[in-house]
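Remarks on the structure that follows.
2 protein chains.
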Amino acid sequence: MNHSVSHTKINTLSNVHSIDRNDFIIRNCEKLFNIGDRLSGIYRINSGSVKLYRSNEAGQEQILGFYTAGDIFGLDALSDGKSQSSATILETSNISLIPFNTLLKRENSGDYKIFMQQVGINHNRDIDHTMMLLHCSAGRRLAWFFIKFSDNLSKRGYRADEFTLPMTRKDIALYLGVAAETLSRVFARFCAKGFIRIIGHQRSIKILEIDVLRNMINRDD
Amino acid sequence: MNHSVSHTKINTLSNVHSIDRNDFIIRNCEKLFNIGDRLSGIYRINSGSVKLYRSNEAGQEQILGFYTAGDIFGLDALSDGKSQSSATILETSNISLIPFNTLLKRENSGDYKIFMQQVGINHNRDIDHTMMLLHCSAGRRLAWFFIKFSDNLSKRGYRADEFTLPMTRKDIALYLGVAAETLSRVFARFCAKGFIRIIGHQRSIKILEIDVLRNMINRDD
DNA sequence: CGCAAAATTGAGAGTACTCAAGCTTTGTGG
DNA sequence: CCACAAAGCTTGAGTACTCTCAATTTTGCG
Numbered sequence: 011m012n013h014s015v016s017h018t019k020i021n022t023l024s025n026v027h028s029i030d031r032n033d034f035i036i037r038n039c040e041k042l043f044n045i046g047d048r049l050s051g052i053y054r055i056n057s058g059s060v061k062l063y064r065s066n067e068a069g070q071e072q073i074l075g076f077y078t079a080g081d082i083f084g085l086d087a088l089s090d091g092k093s094q095s096s097a098t099i100l101e102t103s104n105i106s107l108i109p110f111n112t113l114l115k116r117e118n119s120g121d122y123k124i125f126m127q128q129v130g131i132n133h134n135r136d137i138d139h140t141m142m143l144l145h146c147s148a149g150r151r152l153a154w155f156f157i158k159f160s161d162n163l164s165k166r167g168y169r170a171d172e173f174t175l176p177m178t179r180k181d182i183a184l185y186l187g188v189a190a191e192t193l194s195r196v197f198a199r200f201c202a203k204g205f206i207r208i209i210g211h212q213r214s215i216k217i218l219e220i221d222v223l224r225n226m227i228n229r230d231d
Numbered sequence: 011m012n013h014s015v016s017h018t019k020i021n022t023l024s025n026v027h028s029i030d031r032n033d034f035i036i037r038n039c040e041k042l043f044n045i046g047d048r049l050s051g052i053y054r055i056n057s058g059s060v061k062l063y064r065s066n067e068a069g070q071e072q073i074l075g076f077y078t079a080g081d082i083f084g085l086d087a088l089s090d091g092k093s094q095s096s097a098t099i100l101e102t103s104n105i106s107l108i109p110f111n112t113l114l115k116r117e118n119s120g121d122y123k124i125f126m127q128q129v130g131i132n133h134n135r136d137i138d139h140t141m142m143l144l145h146c147s148a149g150r151r152l153a154w155f156f157i158k159f160s161d162n163l164s165k166r167g168y169r170a171d172e173f174t175l176p177m178t179r180k181d182i183a184l185y186l187g188v189a190a191e192t193l194s195r196v197f198a199r200f201c202a203k204g205f206i207r208i209i210g211h212q213r214s215i216k217i218l219e220i221d222v223l224r225n226m227i228n229r230d231d
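So the protein lines, in turn, are chains A and B.
Residue 191 in the numbering used here sits at position 181 of the first sequence, and the numbers go up by one each step.
Residue 169 in the numbering used here sits at position 159 of the second sequence, and the numbers go up by one each step.
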């Protein structure tokens with residue numbers, strides 16, 4: 011395996027898939043792989059979160075997606091084995107590597123089907139992301155971001171109205187395609203209007219008016 | 011099959027894949043499927059071109075991608091069988107439908123591998139699209155569009171410096187996430203600067219300064 | 001030839017960007 | 001435990017780009 015980081019290999023029984031895989035834990039802020047790295051498989055997150063991004067020649071990141079428990083990533087490498095993006099861990103995470111040849115083996119059609127579904131889910135999420143970038147104001151983008159984050163928590167059985175973001179403001183800005191300053195201003199506006207409240211410190215958010223945010227995604231404010 | 015259009019089924023020998031499929035020809039501007047349609051498989055373009063899009067509640071289209079010969083589309087439906095987007099033919103096209111259960115059958119691992127690669131290629135292309143939308147000016151977006159279009163022609167053995175676009179200006183604008191008027195102005199600017207020339211009528215383009223356009227994608231003009 | 005759709009052009013308004021400075025939080029070491 | 005440095009975040013001012021609305025021209029098709 012050619013990861014840029016050291017990782018602790020652990021022996022754990024697969025709780026979701028029965029297919030072969032390697033599990034490991036990665037600490038905060040470590041890099042999982044870089045653009046151009048040859049990946050030996052698809053990654054699956056069991057816990058924690060990851061950001062996927064590219065850097066342009068100016069050295070600035072452009073964030074393509076945030077991934078959390080249950081998500082797979084590394085599809086970039088399906089076409090020719092080499093990743094078109096970099097992956098960095100946002101918080102201590104447990105991640106599995108599912109080797110390509112396991113995917114290509116066909117003993118296990120149930121897993122295969124699940125994998126294909128997950129590919130479809132990823133694809134749809136990317137489309138959602140693109141749609142936001144196509145025509146929406148900074149306010150609608152942030153509203154969309156909160157709703158998606160909240161819905162994702164809710165789907166996994168966590169509190170949907172109060173949470174801690176695993177990423178920085180800058181990361182969110184790069185993901186939503188706005189300047190960090192603009193994002194900061196929208197945060198301030200949302201607080202002033204009482205849509206959200208920032209608890210304690212910057213990354214802890216309480217959503218006060220989730221319906222307002224949900225409507226904002228489609229209709230202009 | 012639940013297409014919104016009538017299509018002529020033809021008996022043709024598959025020239026690329028050996029897996030089961032249904033081939034048909036669709037005329038200009040016909041709709042292949044709508045958001046919410048249950049798709050029975052993945053589509054593959056043998057000739058012609060297709061646009062994939064969603065409509066928002068205001069009735070405006072947001073174009074997610076243009077597809078040409080060799081491309082597959084319809085991955086939207088992998089997650090739950092229902093498409094998250096609509097597909098419309100831009101010019102008379104020959105298209106194959108590869109049923110899901112053919113994909114799930116495993117007699118033919120060669121085809122399967124090709125399919126997975128194609129999934130990866132689509133994914134990378136979507137990422138490219140997203141990257142452009144994240145941080146680039148209208149000028150850079152159009153330069154990128156021309157380069158991608160030209161490179162695609164060149165890869166398939168066609169002339170790369172002179173071509174006819176199968177889509178309208180409005181379609182390009184919706185794909186690049188700019189207003190149609192803005193796009194028109196950028197077109198005019200590119201012509202004035204001698205980067206491109208519009209031959210005969212609007213959709214026939216000759217690229218005069220492909221290197222300038224190529225550089226423009228990364229560096230600001 | 002005439003109509004409808006597509007494309008262009010102009011003017012004005014608004015949103016987001018950039019640059020710059022100041023403030024807050026986090027982490028490290030004494 | 002405190003102090004300092006670095007990173008993260010916020011706020012302000014001015015600019016630039018793109019959008020919207022509206023009118024006109026061009027193209028495509030019956």
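From the three backbone atoms N, C-alpha and C, an ideal C-beta is built for every residue, glycine too.
Bear in mind the structure is a predicted one, so any value in this text is a computation, not a measurement.
| Item | Value |
| --- | --- |
| 8 Å Cβ shell around Leu-85/B - same chain, five flanking residues per side excluded | Ile-52, Val-129, Asn-132 |
| Three-state secondary structure assigned by DSSP to Ser-147/B | coil |
| CB contact below 9 Å: Ala-87/B versus chain A | yes |
| 8 Å Cβ shell around Ile-215/A - same chain, five flanking residues per side excluded | Phe-156, Glu-172, Phe-173, Thr-174, Leu-175, Ile-206, Arg-207, Ile-208, Ile-209 |
| Neighbour list for Arg-64/B in chain A, Cβ cutoff strictly below 7 Å | Met-141 |
| Where Gly-69/B falls, given that 16 or more other Cβ within 10 Å makes a residue buried | exposed |
| Ile-105/A vs Ile-55/A beta-carbon contact at 9 Å | yes |
| Cβ neighbour criterion (16 or more within 10 Å) applied to Ala-97/B | buried |
| Of the listed residues Asp-221/A, Met-142/A, Asn-162/A, Ser-89/A, nearest to Gly-187/A (C-alpha basis) | Met-142/A |
| Neighbourhood of Tyr-77/B by C-beta distance below 6 Å, restricted to the same chain and skipping five residues each side | Ile-55, Val-60, Phe-83 |
| Inter-stretch contact (C-beta, 8 Å, three-pair minimum) for the stretch 86-96 of chain B and the stretch 41-48 of chain B | yes |
| Per DSSP, the bridge partner or partners of Glu-71/B | Ser-65/B |
| Alpha-carbon to alpha-carbon, Ser-57/A and Lys-180/B | 43 Å |
| Distance CB(Gly-72/A)-CB(Leu-152/B) smaller than 9 Å | For clarity, residue 72/A is Gln in the given sequence; the question names Gly instead. Their beta carbons are not under 9 Å apart, which means Gln-72/A does not touch Leu-152/B by this criterion. |
| Residue-level contact to chain A via CB, Asp-161/B, 9 Å cutoff | no |
| Cutoff 6 Å; reference Phe-197/A; Cβ partners in own chain excluding five residues on either side | none |
| Top-ranked residue by Cα proximity to Ser-147/B, from Leu-193/B, Gly-204/B, Thr-178/B | Leu-193/B |
| Three-state class that DSSP yields for Lys-92/A in the structure shown | strand |
| Residue-chain proximity (Gln-212/A, chain B), Cβ-Cβ < 9 Å | no |
| Residues of the stretch 171-198 of chain A whose Cβ lies closer than 7 Å to any Cβ of chain B, in chain order | Gly-187 |
| Proximity below 9 Å, CB of Gly-75/B to CB of Arg-135/B | yes |
| is_contact[Asn-228/A, chain B] using C-beta, thresh 9 Å | yes |
| Proximity test, Cβ basis, 9 Å: Gly-130/B and chain A | yes |
| Under 8 Å by beta carbon: chain A residues contacting Ser-95/B | Ile-137 |
| C-beta contact flag for Gly-149/A and Arg-199/A at 9 Å | yes |
| N- and C-terminal bounds of the beta strand (DSSP E) containing Phe-173/B | 172-174 |
| 9 Å Cβ cutoff, Asp-90/B in contact with chain A | yes |
| Leu-74/A: contacting residues in chain B (beta-carbon distance under 8 Å) | Ile-137, Thr-140, Met-141 |
| Candidates Gly-91/A, Tyr-122/A, Thr-112/A, Phe-34/A: closest to Thr-102/A by CA position | Phe-34/A |
| Rounded C-alpha distance that separates Lys-203/B from Ile-227/B | 16 Å |
| Asn-134/A at chain B interface by Cβ criterion, 9 Å | yes |
| Beta-carbon contacts of Cys-201/A that lie in its chain and below 8 Å, excluding the five residues immediately before and after | Arg-207, Ile-208 |
| Coarse secondary structure for Gly-46/B, derived from DSSP in three states | coil |
| Neighbouring residues, chain B, relative to Glu-67/A (Cβ below 7 Å) | Asn-228 |
| Rounded separation between Ala-170/B and Thr-112/A - CA only | 40 Å |
| Beta-carbon proximity list for Lys-158/A, same chain, < 8 Å, skipping 5 on both sides | Asp-138 |
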